[in-house]
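Below: the structure, in structure tokens.
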Amino acid sequence: MQADQPTQTAINEAEWRSRANWHWGIYHSPRDTRVWVPKPIRWTGWTLNFAHRMSYVWLSVLLGIPLLVAATAILVSS
6 MQADQPTQTA INEAEWRSRA NWHWGIYHSP RDTRVWVPKP IRWTGWTLNF AHRMSYVWLS
66 VLLGIPLLVA ATAILVSS
């Protein structure tokens with residue numbers, strides 16, 4: 006890497022700081038290599054970078070497990 010080129014860490018940080026990548030609280034930046042990024046107010050937690058396919062896998066898992074548990078509980082109780 007040449008000295009005048011920014012590191013990926015610097016690119017990730019610049020992308021995260023850019024308001025253009027935040028839409029209604031949802032982060033979307035193809036140049037940011039991270040799947041999980043801090044929320045705009047860092048102490049409030051983390052969010053997914055929806056420019057990456059892996060974010061949809063994570064979302065499916067995070068939503069799918071509780072739905073599967075709920076469906077199982079309903080079927081067992083019937």
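Here our numbering is used: the first residue of the sequence shown is 6, the next is one more, and so on.
Each residue gets a CB set at the ideal place from its N, CA and C atoms; glycine is no exception.
Does the region 25-33 come within contact of the region 8-16, defined as at least 3 CB pairs closer than 8 Å?
no
Between D37, K44 and H28, which has its C-alpha nearest N17's C-alpha?
D37
So if DSSP puts I31 in a beta bridge, which residue, or which two residues, is it bridged to?
H28
Assuming W51 is part of the beta strand (DSSP E), what are its boundary residues?
W51 to L53
Helix, strand or coil, according to DSSP, for P43 in the structure here?
strand
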